[in-house]
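Numbering (this note's numbering), first residue to last: 72 to 283. Note that the Cβ used here is the ideal one computed from N, Cα and C, for glycine as well. One structure is given here, and the rest of the page talks about it.
Here it is in structure tokens:
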């Protein structure tokens, strides 16, 4: 942000106004995302990471998540697929914003660590004691996670292998995404599981129970 601002202030011939403002906006959005992660981690540590279920039309909500994922996966050169099985309920009571945050974080991680491969989101559902049971799984065909890292990847400020963005620059981050996902899923009454094989890919899954 500072670099682009200073170049624009100097009327640098190396940077057009359009390029500079676009760079500032992209960097500012990334900074806001990092701040949100830090705030969520602080709330989680204080036991104040609140969950607010609301009636949600499941299929339109899932379509929006998949449309967003398809865009950023294809931009990375990956193929995205969404698989649905079982009888998905028309409406459920969930915190749709927090659940979207979980899935987008898992999908974004999978996309960053996969090159010209496949990212998939599986969603299945069934009824149990008048409750809807939703199962989500995010799989990829990427680089995988070393066995000695599987026990620590959900700890705050622990980062996996460095990944690069489309411009070849290393992605910045605090290593809070998976920690926050685990806490949010725990608050929703579920548990996140992971399995991975080096050079073959990873799979993150969790199950939630909610009112229909």
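{"Check": "Can you confirm whether the stretch 107–127 touches the stretch 138–157 when touching is taken to mean that 3 or more C-beta pairs between the two stretches lie within less than 8 Å?", "Outcome": "no"}
{"Check": "Of the choices 82, 163, 179, 212, whose alpha-carbon is the least far from that of residue 132?", "Outcome": "163"}
{"Check": "Going by beta carbon distance, what residues of the same chain come within less than 6 Å of residue 237, once the five residues before and after it are set aside?", "Outcome": "Any reading at residue 237 needs caution, since the residue's pLDDT is 43, under 50, leaving its predicted position unreliable; the model's value is listed next. Hits under 6 Å: none found."}
{"Check": "Taking just the CA atoms, how far does residue 251 sit from residue 94?", "Outcome": "28 Å"}
{"Check": "Apart from the five residues just before and just after residue 86, which ones in its own chain have a Cβ nearer than 6 Å to its Cβ?", "Outcome": "78"}
{"Check": "Report buried or exposed for residue 72, applying the criterion of at least 16 other Cβ atoms within 10 angstroms of its Cβ.", "Outcome": "exposed"}
{"Check": "In whole angstroms, give me the CA-to-CA distance for residue 256 and residue 151.", "Outcome": "23 Å"}
{"Check": "Tell me whether residue 95 sits in a helix, a strand or coil according to DSSP, three-state version.", "Outcome": "helix"}
{"Check": "Throw me the rounded Cβ distance for the residue 154 and residue 198 pair, which I believe falls under 8 Å.", "Outcome": "That belief does not hold up - the Cβ atoms of residue 154 and residue 198 are roughly 20 Å apart, past 8 Å."}
{"Check": "Just confirm the distance between the C-beta atoms of residue 159 and residue 207, as a whole number of angstroms; I'd bet it's less than 8 Å.", "Outcome": "About 12 Å; that fails the 8 Å criterion."}
{"Check": "Which same chain residues, not among the five before or five after residue 224, have their C-beta less than 8 Å away from its C-beta?", "Outcome": "216, 231, 249, 265"}
{"Check": "What is the DSSP secondary structure of residue 113, counted as helix, strand or coil?", "Outcome": "helix"}
{"Check": "Can residue 281 and residue 203 be called in contact, C-beta distance under 7 Å?", "Outcome": "yes"}
{"Check": "With a CB to CB cut of under 8 Å and the five nearest residues on each side skipped, what residues in its chain are close to residue 80?", "Outcome": "none"}
{"Check": "According to DSSP, residue 259 sits in a beta bridge with which residue or residues?", "Outcome": "BP columns for residue 259 are empty, so no partner."}
{"Check": "Please work out which residues of its chain come closer than 7 Å, Cβ to Cβ, to residue 99, disregarding the five sequence neighbours upstream and downstream, and give them in chain order.", "Outcome": "72"}
{"Check": "Quick check on this structure: which residue in 254, 121, 139, 157 has the alpha carbon closest to the alpha carbon of residue 226?", "Outcome": "254"}
{"Check": "Spatial neighbours of residue 126 within its chain, please: CB distance less than 7 Å, with the 5 preceding and 5 following residues excluded, ordered by chain position.", "Outcome": "162, 164"}
{"Check": "Assuming residue 289 and residue 261 make a contact with CB atoms under 8 Å, what is their CB distance in whole Å?", "Outcome": "Outside the shown range of the chain, which is 72 to 283, sits residue 289, and nothing can be said about it."}
{"Check": "Just verifying my parser: in three-state terms, what is the DSSP assignment at residue 221?", "Outcome": "coil"}
{"Check": "DSSP puts residue 145 in a beta bridge; with which residues?", "Outcome": "Residue 145 pairs with nothing; no bridge assigned."}
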